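Number of protein chains: 2
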Amino acid sequence: MFLVSLIPIRSGTPGSGPERSDAARNRELLLCAARQLIEECGADGLTMDKLAERAGVGKGTVFRRFGSRAGLMMTLLSDSEAEFQGRFMFGPPPLGPGAPPLERLIAFGAGRIGYVLEYGDLARAADHSVYNRFEVPAAVLWHRHLEYLLREAGLEADPWLMAMSLSATLDPERLLYAVRVQGVSPERLEESWRQLVTRLVRPAE
Amino acid sequence: MFLVSLIPIRSGTPGSGPERSDAARNRELLLCAARQLIEECGADGLTMDKLAERAGVGKGTVFRRFGSRAGLMMTLLSDSEAEFQGRFMFGPPPLGPGAPPLERLIAFGAGRIGYVLEYGDLARAADHSVYNRFEVPAAVLWHRHLEYLLREAGLEADPWLMAMSLSATLDPERLLYAVRVQGVSPERLEESWRQLVTRLVRPAE
DNA sequence: ATACTAAACGGACTACGGTCCGGATAATAT
DNA sequence: ATATTATCCGGACCGTAGTCCGTTTAGTAT
């Protein structure tokens, strides 16, 4: 069993030591301004320049706080992300521990689909790292969780890569394309996911 | 049965009519310069400014020819892409018609994995459209092919979405991450793909 | 209070993808 | 040859993410 350091999402703190008061104040200003801007222009319409101006700080401050645009988006998502993590790691079955692995897999997909549809553009923008989006703590955690459930379900073959395939299926960009462009219903997504994982873990006669 | 208009990849021609002689000359200059630059700096190191300068044309010309950076990359890949398309649509079994659907699915994955590993950065850069990368002709064709094979194999449930999951599994960015960062071997990828599609199409007892 | 220092600040700067439009030019008609 | 026109050309221009570095400031030691 592995226990990660408990929801290591992204606090928005650059250094390791305590935070200076002006830094803390600016972080709040920035998060507040970001939420305002997203409400006004949507997540895709948020630019780092507009954000800096709205918050009344320099552009450098924005990047020192959040590292990148994707980092900012992750910070904005961190509360709901932590909530979701808590549910699938410690919450009630079938998402949390207690239910059989296959049930948990199905619930995980449904949960993630709901999450992505709720925070659509934000989730997509958070994924838009130029570098490896697969090494973001949250992504690593999902992957490990899927891998763990696959093992528990008795999957023989390469749970690591299978977890990767499953992660790919739940990729925000694809899900949003299916729903928004192709008009696929969330229920249909969930059902397809259920079929997928069910067939995956079914033992080879 | 559907027969697409036969390998509609991307010719690099903007208008619909015939091409003016200077335009044709510049297109050749650009493709040649692009291949040079990729050899020198890698696909990721190619910028549209450098390309224009190297080819001795204006920047506008580059974008009129190829539409975008991703469009240029697709054009550079079009020969090998056409070759791959020809193989899985008309070539010899097990990739081409004649073999049982499951065999063809397995071969398709292996072929695609080989393709992505061969043209790595190029394939990834070609996928990097800002807009919907899922509507690129080549991607649509793969998707339809996978969907068709899934149906042929007797899959009951939602072949369209299942084909989408399978496409996601074969996404260049993910494959390259697995191989280059995680050190997964191509054989392991192929084996995992084989397991995945085999389990998918296995009938529900 | 004063001096000191590490941290944070700000905004000019770069790199890059992509757009625009006035001017050049190849094909065609006369 | 000349005129006409649709197409193409070039490079200045824009918006955006991200970097850099001289300046300011919060916290702390004296």
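Line order of the protein sequences matches chains R and G. Residue numbers for the first sequence follow this note's numbering, so the first one is 40 and each next one is one higher. Residue numbers for the second sequence follow this note's numbering, so the first one is 40 and each next one is one higher. C-beta: ideal position from N, C-alpha, C; glycine also. Model, not experiment: these values are computed from the prediction.
- Not a single unbroken stretch of the beta strand (DSSP E) spanning 3 or more residues falls wholly within the stretch 144-231 of chain G.
- The alpha-carbon of ALA62/G is positioned some 35 Å away from that of VAL220/R.
- Under the DSSP assignment, GLU78/G falls in the alpha helix (DSSP H) whose first and last residues are 60-80.
- Non-local C-beta neighbours of LEU185/G in its own chain, meaning closer than 6 Å and more than five positions away in sequence, comprise ALA202 and LEU205, ordered along the chain.
- Between PHE147/G and chain R, the shortest Cβ-Cβ separation is not below 8 Å.
- Separation of GLU92/R and ASP118/G (C-alpha to C-alpha, rounded to the nearest whole angstrom) is 48 Å.
- Rounded to whole angstroms, TYR158/G and ALA82/G show a C-alpha spacing of 10 Å.
- DSSP, read as helix, strand or coil, puts ALA138/R in strand.
- At least one CB of chain R lies nearer than 8 Å to the CB of ASP210/G.
- Against ASP197/G, the close residues of chain R are ARG227, GLU230, SER231 and GLN234, in the order they occur along the chain (beta-carbon pairs closer than 8 Å).
- Counting along the chain, the unbroken alpha helix (DSSP H) around ASP118/G starts and ends at 108-129.
- In its chain, beyond the 5 residues on either side, no residue has a beta carbon closer than 8 Å to the beta carbon of GLU67/G.
- The stretch 142-158 of chain G and the stretch 173-190 of chain G touch, with no fewer than 3 CB-CB distances between them shorter than 8 Å.
- Chain-ordered, the chain R residues with CB closer than 7 Å to the CB of TYR216/G read ASN171 and PHE173.
- In the pairwise beta carbon analysis, the stretch 166-177 of chain G is classified as touching the stretch 106-122 of chain G: at least three pairs are separated by under 8 Å.
- Note that the C-beta distance between ALA217/R and LEU228/R is below 8 Å.
- Here PHE129/R is exposed. Its C-beta has fewer than 16 other C-beta atoms within 10 Å.
- Residue contact check for ALA202/G against chain R: no CB pair falls below 8 Å.
- Taking C-beta atoms under 8 Å as the contact rule, GLY84/G and PHE123/G fail to qualify, at a distance of about 25 Å.
- Going by DSSP, GLY99/G is part of the alpha helix (DSSP H) stretching over 98-105.
- In this structure, the beta-carbon distance from ALA162/R to PRO211/R falls below 8 Å.
- Residue-level contact check: LEU239/R touches chain G, since one or more beta carbons of chain G fall below 8 Å from its beta carbon.
- Judged by DSSP in its simplified three-state form, ALA94/R adopts helix.
- Relative to the Cα of ALA196/G, the nearest Cα in the group SER168/R, GLY193/R and TRP232/R belongs to TRP232/R.
- For ALA178/G, there are no neighbours in chain R by C-beta distance under 8 Å, as the nearest C-beta there is about 11 Å away.
- Taking 8 Å as the threshold, the shortest C-beta distance from VAL223/G to chain R falls below it.
- Minimum Cα-Cα distance from ALA192/G among the listed residues VAL240/G, GLU79/G, ARG172/G and LEU69/G corresponds to VAL240/G.
- Assigned with DSSP and collapsed to three states, THR86/G falls in coil, not helix or strand.
- Taking CB atoms only, ALA207/G has a neighbour in chain R less than 8 Å away.
- At a cut-off of 8 Å between beta carbons, ARG74/G makes no contact with chain R.
- ALA109/G places its beta carbon less than 8 Å from that of ALA164/G.
- Collapsing the DSSP output to three states places ARG238/R in a helix.
- Within chain G, the residues PHE173, MET203 and ALA207 have their CB atoms less than 8 Å from the CB of ARG213/R, given in chain order.
- Burial check for ASP166/R: the Cβ neighbour count within 10 Å reaches 16 or more, so the residue is buried.
- In terms of beta-carbon proximity, VAL220/R lines the interface with chain G, with at least one pair separated by less than 8 Å.
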